[in-house]
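Novice: Let me begin by handing over the structure; questions about it come next.
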Amino acid sequence: VDYKFPKDFWWGSAASATQTEGSHNGITGETVWDRWFSEASNRFFDGVGPGKTSDFYHRYKEDIKNMKDIGHNSFRMSISWARLIPGGTGEVNQDAIDFYNAVIDELLAQDIEPFVNLFHFDMPIELQDKGGWENREVIDAYADYAKVAFDLFGDRVNKWFTFNEPIVPVEGGYLYDFHYPNVVDAKRAIQVAYNTMIAHARVVKLYHANYEGDIGIVLNLTPSYPRSQNPADLKAAHICDLFFNRSFLDPAVLGEYPEDLIDLLEEHGQLPETKVQDKELLKNNIIDILGVNYYQPRRVKAKEYLPNPYAPFMPDWFFDNYEMPGRKMNVYRGWEIYEKGVYDIMINLKENYNNIPSFISENGMGVQNEERFIKDGRIEDDYRIDFIKEHLKWIHKAAEEGCNVKGYHLWTFMDNWSWMNAYKNRYGFFAVDIETGERTAKKSASWIRDVSKQNGFN
Ligand code: BGP
2 VDYKFPKDFW WGSAASATQT EGSHNGITGE TVWDRWFSEA SNRFFDGVGP
52 GKTSDFYHRY KEDIKNMKDI GHNSFRMSIS WARLIPGGTG EVNQDAIDFY
102 NAVIDELLAQ DIEPFVNLFH FDMPIELQDK GGWENREVID AYADYAKVAF
152 DLFGDRVNKW FTFNEPIVPV EGGYLYDFHY PNVVDAKRAI QVAYNTMIAH
202 ARVVKLYHAN YEGDIGIVLN LTPSYPRSQN PADLKAAHIC DLFFNRSFLD
252 PAVLGEYPED LIDLLEEHGQ LPETKVQDKE LLKNNIIDIL GVNYYQPRRV
302 KAKEYLPNPY APFMPDWFFD NYEMPGRKMN VYRGWEIYEK GVYDIMINLK
352 ENYNNIPSFI SENGMGVQNE ERFIKDGRIE DDYRIDFIKE HLKWIHKAAE
402 EGCNVKGYHL WTFMDNWSWM NAYKNRYGFF AVDIETGERT AKKSASWIRD
452 VSKQNGFN
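full-length UniProt numbering puts the first residue of the sequence shown at 2, with every later residue one more than the last.
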């Protein structure tokens, strides 16, 4: 094959608890999503909520069998904190223990390695009501929850992740009003971001001290490309990168925040509250493995107008988004497609982040009304095959050049419910009929089976 991938490359896909299990299935606690949906279902596409979703709770056996059929050797799932410990603290729910044990055992029986993530946007509502990540007590509760999960499943799970895309709850919940608790306040957003990384480091420490295996974090890295090489555009791109990538990447991999980010926050009176022991904690507890979610880059330019000095501080004071003429778009989702971004990320990790072991933990193409591509009962998603292939070529090049990239997981295994967009954008290798729950393989499913089995393609 022309594009041969490193030995034992991880082929698979990723999913999350809230998006697949169905919060009305089994015994479970409520999360911010149930609360927000009950308060503002009109803000969700089609008024569809997280109640039923694709019913992984009941159909996991069939799904795992399908994973095996298409050549998966690994799969990232998340545990729902509110399912395992309804209320977020205290008693552990036997129904959830049974369910996650069954899923993990089924994956192992099919030779699929489970990668388990502890937090995918789904804060138990009782803890959000206590202030969520703004409250340090929630960090303690999270560390207790992590210990429960490690004790229960750590004998069989060797790859753990503390968070998926921690920037998203910050942007959605505290900056731009698209997730609960719908606050718009940069100071609080910065505190949430900071406390999340403290929670992360606490749990990395706990894991390294007591268990064997790898622990990491999943970050959605969005390379910030400047409009031009003019100093003002370069500065805009640099600040954007500091806020949206390096606020998480640097503490996770290097154990400290970038100096220029600290200076910038200080200058604007936006430094978060810290504790003396935090610095050491971050310094001494770096990750073993980094998951990189990559969908699209950011393109930025210098601000056209100076911000209103009386308006509250926002990261957007320092850059404007730049709609580069001629950029390639996924017209079905409205996101840019820039395959080389994945290579730029990997080279950056190699050069500036100790070539940390990493893998693509999400990449994928959401498409609306995908039924229109059905031919003889199957969705012919050639656009998705192309999308994956073009990204894989750049990943292959990165690996050839010595980047430590260990795998590729598609978002997502089967069509699932999504934050706000519900079932609008379909991403799966398998289509799901929302009414009947029936799963049908798309063309990309048979394509990826051949690729994973040959560990490459032509
Ligand atoms: C990522 C999330 C996923 C998933 C994906 C697709 O940010 O980790 O949970 O939803 O984006 O986004 P969307 O469903 O909004 O199209």
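The beta-carbon is built from N, C-alpha and C at its ideal position, and this holds for glycine as well.
What residues match up with K5 in a beta bridge as DSSP calls it?
Specialist: G457
Novice: Tell me, please, which residues DSSP counts as bridged to A15.
Specialist: R77, W412
Novice: What are the start and end residues of the beta strand (DSSP E) that includes L220?
Specialist: 215-221
Novice: Tell me whether N370 counts as near the ligand SAH, meaning its Cβ is closer than 7 angstroms to at least one heavy atom of that ligand.
Specialist: Annotation note on the ligand SAH: not contained in the displayed structure, which lists the ligand BGP as its ligands.
Novice: Buried or exposed for E324, please, with buried defined as at least 16 other CB atoms from any protein chain shown within 10 angstroms of its CB.
Specialist: exposed
Novice: Pick out whichever of W37, F38, F45, V33 has its Cα sitting closest to the Cα of P87.
Specialist: V33
Novice: Could you say if the stretch 440-447 and the stretch 90-109 meet the contact criterion of at least three C-beta pairs nearer than 8 angstroms?
Specialist: no
Novice: Compare the Cα-Cα distances from T29 to each of D345, P326, A83, A303 and report the closest residue.
Specialist: Nearest option by C-alpha distance: A83.
Novice: Can you tell me where the beta strand (DSSP E) holding W161 begins and where it ends?
Specialist: 160-165
Novice: Rounded to the nearest angstrom, what separates K8 and V406 at their Cα positions?
Specialist: Distance between the alpha carbons of K8 and V406: 11 angstroms.
Novice: How would you call D141, buried or exposed, if buried means at least 16 neighbouring beta carbons within 10 angstroms?
Specialist: exposed
Novice: Apart from the five residues on each side of it in sequence, which residues of its chain come closer than 7 angstroms, Cβ to Cβ, to A150?
Specialist: I80, L85, L119
Novice: By Cβ distance below 6 angstroms, which residues in the same chain neighbour Q129 in space, the five residues on each side in sequence not counted?
Specialist: V33
Novice: If we ignore side chains and look at the alpha-carbon of each, how far apart do V185 and Y339 end up?
Specialist: Cα-Cα distance, rounded: 30 angstroms.
Novice: When burial is assigned at 16 or more other CB atoms within 10 Å of the CB, is R373 buried or exposed?
Specialist: exposed
Novice: With distance defined between alpha-carbon atoms, name the residue in Y296, I348, P167 nearest to M330.
Specialist: Y296
Novice: Using the three-state DSSP reduction, which class does E363 fall into: helix, strand or coil?
Specialist: strand
Novice: Under 6 angstroms Cβ to Cβ from A238, same chain only, skipping five residues before and after it: list those, please.
Specialist: S225, P227, V301
Novice: Within the same chain, show all residues whose beta-carbon is closer than 8 angstroms to that of M315, passing over the 5 residues directly before and after it, in chain order.
Specialist: Within the same chain, Cβ atoms closer than 8 angstroms to the Cβ of M315 are found at L176, A187, P308, the five residues on either side in sequence being excluded.
Novice: Considering only heavy atoms of the ligand BGP, does any lie closer than 7 angstroms to the CB of Q111?
Specialist: No, the ligand BGP has no heavy atom inside 7 angstroms of this Cβ.
Novice: Can you tell me whether N118 is helix, strand or coil according to DSSP?
Specialist: strand
Novice: Check whether the Cβ of F414 lies closer than 8 angstroms to any Cβ atom in chain C.
Specialist: Structure shown: chain C not included; a single protein chain is present.
Novice: On the premise that F430 lies in contact with L411, defined as a C-beta separation below 8 angstroms, what is that separation, rounded to the nearest angstrom?
Specialist: 7 angstroms
Novice: Is the beta carbon of G72 less than 8 angstroms from the beta carbon of S362?
Specialist: no
Novice: Would you mind reading off the limits of the beta strand (DSSP E) that contains A110?
Specialist: No beta strand (DSSP E) holds A110; the alpha helix (DSSP H) holding it covers 95-110.
Novice: May I have the straight-line CA-CA distance separating S447 from S75, to the nearest angstrom?
Specialist: If you take the alpha carbons of S447 and S75, they lie about 17 angstroms apart.
Novice: When you compare only the Cα positions, how much space is there between H121 and I216?
Specialist: 15 angstroms
Novice: Using only the alpha-carbon positions, how far apart do D70 and Y258 sit?
Specialist: 43 angstroms
Novice: Could you spell out the range, first to last residue, of the alpha helix (DSSP H) harbouring G342?
Specialist: For G342, the enclosing alpha helix (DSSP H) stretches over residues 341-353.
Novice: Tell me which residues share the same chain as A423 and place their Cβ nearer than 6 angstroms to its Cβ, disregarding the 5 neighbours each side in the sequence.
Specialist: F45, F46, D47, V49
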